[in-house]
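Working notes, beginning with the structure itself.
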Amino acid sequence: MKLDISKVNLSRFDIKRELTLPQEMSEKLAEDIGIMIGDGHIGSYILKKKEYQIYVSGNAYLDKDYISNHVRKLKKDLYNLAFPVSVVGRNKSEIRLKICSKGLVGFYNKIIGLPVNKKENIGIPDCIWEKKKYLTSCLRGIIDTDFSLCFKKVEKYPVMHLKTCSMRLVRDCKKALQKLGIKANSYYNILEYHKVTRNNFVTNYLYINGRKKLRKAVEEIGFHSDRLNEKIRAHRDSNPGPNERSF
591 MKLDISKVNL
601 SRFDIKRELT
611 LPQEMSEKLA
621 EDIGIMIGDG
631 HIGSYILKKK
641 EYQIYVSGNA
651 YLDKDYISNH
661 VRKLKKDLYN
671 LAFPVSVVGR
681 NKSEIRLKIC
691 SKGLVGFYNK
701 IIGLPVNKKE
711 NIGIPDCIWE
721 KKKYLTSCLR
731 GIIDTDFSLC
741 FKKVEKYPVM
751 HLKTCSMRLV
761 RDCKKALQKL
771 GIKANSYYNI
781 LEYHKVTRNN
791 FVTNYLYING
801 RKKLRKAVEE
811 IGFHSDRLNE
821 KIRAHRDSNP
831 GPNERSF
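For reference, each letter of the sequence shown is one residue, going 591 to 837 in this note's numbering.
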């Protein structure tokens with residue numbers, strides 16, 4: 591699928607550092623789009639002057655290698671930009687790749703269709719639905735950044751879930767997973783209480799429950815997140831061989 595990047599305006603700084611924009615869809619680009627849907631941010635702000643920001647963040651301890659190595663290399667391969675890595679937050683608990691680029695913000699927004707600043711209605715863009723391999727790669731990016739995985743104490747039952755303010759994203763991910771033969775359960779407009787802000791808020795959930803479904807997700811999608819892969823590896827090491835707890 592060809593991408594018309596003629597609508598994207600580059601800044602002088604973009605040109606100077608030789609920003610390149612993909613001219614066709616690829617599996618790498620689809621995964622990057624998934625990452626931006628998950629833990630990415632695309633922003634346009636007026637501070638002292640207008641700023642265009644792109645960043646991806648994760649847990650500084652659990653996601654360090656994934657963010658600083660895999661995601662950073664992916665961005666470099668796609669856009670020829672070396673995203674600076676920083677550790678931020680009061681307790682230095684967040685690792686972040688951040689760069690300012692008018693051209694890249696324009697590409698994500700105008701060409702791919704990702705929203706700027708707010709993600710309340712974010713979903714999987716139309717260009718991803720063109721081919722199964724793009725859906726698979728995009729789902730990998732979303733799962734790597736925005737899904738959680740745990741094994742319940744009773745029978746080590748695996749539960750993978752997405753929690754998001756975007757109802758559309760839950761619906762899109764459920765539909766995409768179904769296309770790969772993976773059934774997921776969705777729950778919408780769940781009222782919860784935020785312990786820090788002490789306010790109620792509404793959220794949405796998507797669950798992939800059970801060994802067969804998780805096995806299917808690993809086989810069909812595969813993960814690049816060290817956080818997820820380490821949990822799966824630890825579970826398999828503690829349950830070697832074919833048995834009722836393995837997958």
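Just so you know, even glycine gets a beta-carbon here, dropped at the ideal spot from N, CA and C.
To which residues of the same chain is residue i closer than 7 Å at the C-beta, ignoring the five residues directly before and after it?
{"i": "N670", "result": "E608, L609, T610"}
{"i": "R781", "result": "Note that residue 781 corresponds to Leu in the displayed sequence, not to Arg. Excluding positions up to five away in sequence, the list reads N790, V792."}
{"i": "L804", "result": "P748, M750, I798, F837"}
{"i": "K785", "result": "none"}
{"i": "I702", "result": "I623, P715, C717"}
{"i": "F737", "result": "M750, H751, L752"}
Between residue i and residue j, is the Cβ-Cβ spacing less than 9 Å?
{"i": "N775", "j": "N794", "result": "no"}
{"i": "E641", "j": "G633", "result": "yes"}
{"i": "P748", "j": "H814", "result": "no"}
{"i": "L770", "j": "L725", "result": "yes"}
{"i": "F673", "j": "V598", "result": "no"}
{"i": "I733", "j": "L704", "result": "no"}
{"i": "A620", "j": "S727", "result": "yes"}
{"i": "I822", "j": "I798", "result": "no"}
{"i": "A650", "j": "K700", "result": "no"}
{"i": "R758", "j": "N707", "result": "no"}
{"i": "L664", "j": "K723", "result": "no"}
Quick check on residue i: does DSSP put it in helix, strand or coil?
{"i": "T726", "result": "helix"}
{"i": "Q643", "result": "strand"}
{"i": "C755", "result": "coil"}
{"i": "Y669", "result": "helix"}
{"i": "K592", "result": "strand"}
{"i": "I701", "result": "helix"}
{"i": "Y747", "result": "coil"}
{"i": "I733", "result": "helix"}
{"i": "I714", "result": "coil"}
{"i": "F813", "result": "coil"}
{"i": "N707", "result": "coil"}
{"i": "N789", "result": "coil"}
Going by the DSSP bridge assignment, what does residue i pair with across the sheet?
{"i": "Y778", "result": "According to DSSP, which records beta bridges pairwise, Y778 is partnered with nothing at all."}
{"i": "L796", "result": "L752, S776"}
{"i": "V677", "result": "I685"}
{"i": "G630", "result": "V646"}
{"i": "Y651", "result": "DSSP lists no partner for Y651."}
{"i": "E614", "result": "K592"}
{"i": "C740", "result": "V749"}
{"i": "C690", "result": "Q643"}
For residue i, which option in the options has the closest C-alpha, if you only look at C-alpha atoms?
{"i": "D629", "options": "D604, S601, G731, I605", "result": "G731"}
{"i": "E820", "options": "I605, K597, M626, D655", "result": "D655"}
{"i": "Y635", "options": "C690, R602, L652, L619", "result": "C690"}
{"i": "D762", "options": "G800, I718, E684", "result": "I718"}
{"i": "I685", "options": "I822, S727, V661", "result": "V661"}
{"i": "I764", "options": "K746, G713, T787", "result": "Ile is not the amino acid found at residue 764; the sequence shown has Lys there. Here the closest residue by C-alpha is G713."}
{"i": "E745", "options": "N711, S828, P715, K606", "result": "S828"}
{"i": "V675", "options": "H631, T787, S658", "result": "S658"}
{"i": "D667", "options": "E810, R602, T787, S616", "result": "S616"}
{"i": "I811", "options": "K709, L729, P612, H631", "result": "L729"}
Grab me the residues of residue i's own chain with a C-beta within less than 6 Å of its C-beta, minus the 5 sequence neighbours each way, in chain order.
{"i": "K688", "result": "Y645"}
{"i": "Y777", "result": "Y795"}
{"i": "T735", "result": "I625, G628, D629"}
{"i": "E720", "result": "M591"}
{"i": "L652", "result": "R817"}
{"i": "L767", "result": "A774"}
{"i": "V760", "result": "S776, N794, L796"}
Distance cutoff 9 Å, beta carbons only. Does residue i sit that close to anything in chain B?
{"i": "K692", "result": "Here there is only one protein chain, and chain B is not present."}
Who are the near neighbours of residue i in its chain, counting only those whose CB is closer than 8 Å to its CB and skipping five residues on each side?
{"i": "D604", "result": "S691, K692, G693, L694"}
{"i": "E614", "result": "M591, K592, L593"}
Less than 8 Å separating the Cβ of residue i from some heavy atom of the ligand SAH?
{"i": "Y651", "result": "Looking for the ligand SAH in the displayed structure turns up nothing, as the structure carries no ligands at all."}
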